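Chemist: Just passing along the structure, written as structure tokens.
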Amino acid sequence: GFGFKTLFFFLIYFCFGFRHKLCSVLFRRRLNITMEARLLQSSSSTCFFSSGSCSINRHRFSAIPSSPKPLSVSFPQKTRTRTNGVLMSKKDDGIESLSYKGSGVDIDAGTELVRRIAKMAPGIGGFGGLFPLGDSYLVAGTDGVGTKLKLAFETGIHHTIGIDLVAMSVNDIVTSGAKPLFFLDYFATSRLDVDLAEKVIKGIVDGCGQSDCALLGGETAEMPDFYAEGEYDLSGFAVGIVKKDSVINGKNIVAGDVLIGLPSSGVHSNGFSLVRKVVARSGLSLKDELPGGSTTLGEALMAPTVIYVKQVLDIISRGGVKGIAHITGGGFTDNIPRVFPDGLGAVIHTDAWELPPLFKWIQQSGRIEDSEMRRTFNLGIGMVMMVSPEAALRILGEAKNGDYVAHRIGEVINGEGVTYQ
Numbered sequence: 224g225f226g227f228k229t230l231f232f233f234l235i236y237f238c239f240g241f242r243h244k245l246c247s248v249l250f251r252r253r254l255n256i257t258m259e260a261r262l263l264q265s266s267s268s269t270c271f272f273s274s275g276s277c278s279i280n281r282h283r284f285s286a287i288p289s290s291p292k293p294l295s296v297s298f299p300q301k302t303r304t305r306t307n308g309v310l311m312s313k314k315d316d317g318i319e320s321l322s323y324k325g326s327g328v329d330i331d332a333g334t335e336l337v338r339r340i341a342k343m344a345p346g347i348g349g350f351g352g353l354f355p356l357g358d359s360y361l362v363a364g365t366d367g368v369g370t371k372l373k374l375a376f377e378t379g380i381h382h383t384i385g386i387d388l389v390a391m392s393v394n395d396i397v398t399s400g401a402k403p404l405f406f407l408d409y410f411a412t413s414r415l416d417v418d419l420a421e422k423v424i425k426g427i428v429d430g431c432g433q434s435d436c437a438l439l440g441g442e443t444a445e446m447p448d449f450y451a452e453g454e455y456d457l458s459g460f461a462v463g464i465v466k467k468d469s470v471i472n473g474k475n476i477v478a479g480d481v482l483i484g485l486p487s488s489g490v491h492s493n494g495f496s497l498v499r500k501v502v503a504r505s506g507l508s509l510k511d512e513l514p515g516g517s518t519t520l521g522e523a524l525m526a527p528t529v530i531y532v533k534q535v536l537d538i539i540s541r542g543g544v545k546g547i548a549h550i551t552g553g554g555f556t557d558n559i560p561r562v563f564p565d566g567l568g569a570v571i572h573t574d575a576w577e578l579p580p581l582f583k584w585i586q587q588s589g590r591i592e593d594s595e596m597r598r599t600f601n602l603g604i605g606m607v608m609m610v611s612p613e614a615a616l617r618i619l620g621e622a623k624n625g626d627y628v629a630h631r632i633g634e635v636i637n638g639e640g641v642t643y644q
């Protein structure tokens, strides 16, 4: 009857409408997949994949990605992230958040290697190695400049890379309160270009002058077919000395002590595997002006690492300095806890200093998470000193008078790790 016919036509209409809706969903999904595939294909052609390096507890390791990973695509979703007083609005529009590990450098793997080495050579793990000599310690450190060298090759800026090399080692050993005595370098290349090598060595001489130590010698290795034409590699080795009763080792740090940060000149010499991937994604040339800055991107990235030796030794000489952390690979998150006794941690006030334009650009262009930035880069603070409250007042007073720049960036607290406010 009438009820059966009504039900019959209703079912036909329902099935037709459902089929239409299903086809529409499938069509949109197919369109999304096609667009994702094209985006992946386009993105993979512009990504920059290469080897990287990172310092962990002063043992360098190399990491070479086995294969490029395609960029992931996700549905639109808005998030907001706050970093060092800068509110960055991010839209998840199908562009992945870059990371150090994704760029080829695995900090956790490096930490595991150091853990294994420590079983064979107990006592390692500080920024410098201490060797007893009478009433003093010899303090030694070694390092390189990582893939910042790649940017030196691209920009042609070779006269400051030697300063970076010296800085990475002498800044490590001064964390123990040691005065650098001498420096050795290793320069390796496929074919020796004397003029280029002279520029590099000139930078090393300048770095030794800034840290008041002697360039005692070095090694120049010419290794045909090992390096690409026009490229080279660098390593450096520094030795300093400190009286046993004056060594800075963090043992006297207590809750309530103050963290004083000394400004960096830029990225310094860590995190460049990630930086280069950000540059590749951004589409900017190293000759383009840094957004928000006053120099070219290449000049900002190649700014030589600050050598803190004279300033830090002067501050130490007036008392109250209990521990020092050189902010290199691992950033704040991994380097600051290395100085603390068990049971202590730190709180960092992220609005205590202005995040430099270079780091703002890196984070925004790479869509890099706050936690990744804090574990990879120095964020404008290259050296952190843990001092007594009284010493903090003196240091900040001197900074206010214009003697130097320093920031009160946090405090020592009970509990382990680093927290950010």
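For the sequence shown, the residue numbers in our numbering are 224 to 644. C-beta atoms are modelled at their ideal positions from N, C-alpha and C, and glycine is treated no differently. Just so you know, these numbers come straight off a predicted model, no measurement behind them.
Can you give the Cα-Cα distance for I386 and V417, rounded to whole angstroms?
Modeler: 19 Å
Chemist: Which ranges would you report for the alpha helix (DSSP H) in the segment 441-487 if only whole runs of at least 4 residues count?
Modeler: none
Chemist: Using a Cβ-Cβ cut-off of 7 Å (strictly less than) and excluding sequence neighbours within five positions of T556, which residues of its own chain qualify?
Modeler: Here the set comprises R597, R598, V641.
Chemist: Using the rule of at least 16 other Cβ atoms within 10 Å of the residue's Cβ for burial, across every protein chain shown, is P403 buried or exposed?
Modeler: The C-beta of P403 has 16 or more other C-beta atoms within 10 Å across all chains shown, which makes the residue buried.
Chemist: Can you check DSSP and say which residues form a bridge with I604?
Modeler: P486
Chemist: So, is A437 buried or exposed, given that buried needs 16 or more other C-beta atoms within 10 angstroms?
Modeler: exposed
Chemist: Using the C-alpha atoms, what's the distance from E442 back to I538?
Modeler: Within the model, the alpha-carbon separation for I538 versus E442 is close to 34 Å.
Chemist: Where do the ends of the beta strand (DSSP E) carrying L581 lie?
Modeler: Looking at the DSSP string, L581 is not in any beta strand (DSSP E); the run it does join, the alpha helix (DSSP H), is 580-589.
Chemist: Between the alpha carbons of F350 and S413, how many angstroms are there, rounded?
Modeler: Near 31 Å, if we compare the C-alpha coordinates of S413 and F350.
Chemist: Is it buried or exposed for D395, if we count other Cβ within 10 angstroms and need 16 for buried?
Modeler: In the assembly as shown, D395 is a buried residue. Its beta-carbon has 16 or more other beta-carbons within 10 Å.
Chemist: What do you get for F582, buried or exposed, if any count of 16 or more other CB atoms within 10 angstroms of its CB means buried?
Modeler: buried
Chemist: Let me know if F354 comes out buried or exposed under the rule of 16 or more other beta-carbons within 10 Å of its beta-carbon.
Modeler: exposed
Chemist: Assuming D511 contacts T519 under a Cβ cut-off of 8 Å, what Cβ separation, rounded to an integer in Å, is found between them?
Modeler: Taking the Cβ atoms as the reference, D511 lies roughly 6 Å from T519, within the contact range of under 8 Å.
Chemist: Give the secondary structure of V635 by DSSP, where H, G and I count as helix, E and B as strand, and everything else as coil.
Modeler: strand
Chemist: Could you tell me if Y627 is buried or exposed, where buried requires 16 or more neighbouring beta carbons within 10 angstroms of its beta carbon?
Modeler: exposed
Chemist: The beta strand (DSSP E) spanning G546 covers which residue range?
Modeler: 544-549
Chemist: Quick check on K422: does DSSP put it in helix, strand or coil?
Modeler: helix
Chemist: Give every residue of the same chain whose Cβ lies closer than 7 Å to the Cβ of N601, excluding the five residues on either side of it in the sequence, and list them in chain order.
Modeler: S487, H491, I550, G554
Chemist: Using three-state DSSP, classify L507 as helix, strand or coil.
Modeler: Coil.
Chemist: Whose C-alpha, out of K371, P612, K533, A420, is nearest the C-alpha of A526?
Modeler: K371
Chemist: Can E634 and L485 be called in contact, C-beta distance under 8 Å?
Modeler: no
Chemist: Along the chain, where does the beta strand (DSSP E) containing K402 start, and where does it finish?
Modeler: 402-412
Chemist: State the CB to CB distance for the pair T398 and I471, rounded to an integer number of angstroms; the pair is presumed to be in contact (CB under 8 Å).
Modeler: 7 Å
Chemist: Considering just the uninterrupted stretch of the alpha helix (DSSP H) at S320, what are its terminal residues?
Modeler: That residue, S320, is in no alpha helix (DSSP H); it is neither H nor E in DSSP.
Chemist: Across which residues does DSSP place Y643 in a beta bridge pair?
Modeler: Under DSSP, Y643 forms a beta bridge with I571.
Chemist: Out of D435, L616, G543, which one is the CA nearest neighbour of I464?
Modeler: D435
Chemist: Measure the beta-carbon distance from P580 to G515 and round it to whole angstroms, keeping in mind my assumption that it falls under 8 Å.
Modeler: The C-beta distance from P580 to G515 rounds to 4 Å, short enough to meet the 8 Å contact threshold.
Chemist: For my contact list, V610 and I618 are in at a C-beta cut-off of 8 Å; report their separation, rounded to the angstrom.
Modeler: About 7 Å separates the beta carbons of V610 and I618, which is inside the 8 Å limit, making them a contact pair.
Chemist: Starting from A363, trace the beta strand (DSSP E) in both directions and tell me its first and last residue.
Modeler: 359-366
Chemist: Buried or exposed: where does S496 fall if 16 or more other Cβ atoms within 10 Å of its Cβ makes it buried?
Modeler: The residue in question, S496, is buried, as its Cβ has 16 or more Cβ neighbours within 10 Å.
Chemist: So I340 and G552 are in contact, right, with Cβ under 8 Å, and what is the actual spacing, rounded?
Modeler: Not quite, the Cβ-Cβ distance comes to about 16 Å (not below 8 Å), so this is no contact.
Chemist: Which of helix, strand or coil does DSSP assign to F204?
Modeler: Since the displayed the chain opens at 224 and closes at 644, residue 204 lies outside it and no answer follows.
Chemist: Using a Cβ-Cβ cut-off of 7 Å (strictly less than) and excluding sequence neighbours within five positions of S320, which residues of its own chain qualify?
Modeler: R590, I591, E592
Chemist: Could you check the C-alpha separation between G658 and G459 for me, to the nearest Å?
Modeler: No answer is possible for residue 658: the residues shown for the chain start at 224 and end at 644.
Chemist: Could you tell me which of G603, F405, R631, G605 sits nearest to P612, measuring between CA atoms?
Modeler: R631
Chemist: Can you name, in chain order, every residue of its own chain whose Cβ lies under 8 Å from the Cβ of V428, other than the five neighbours on each side?
Modeler: G385, L438
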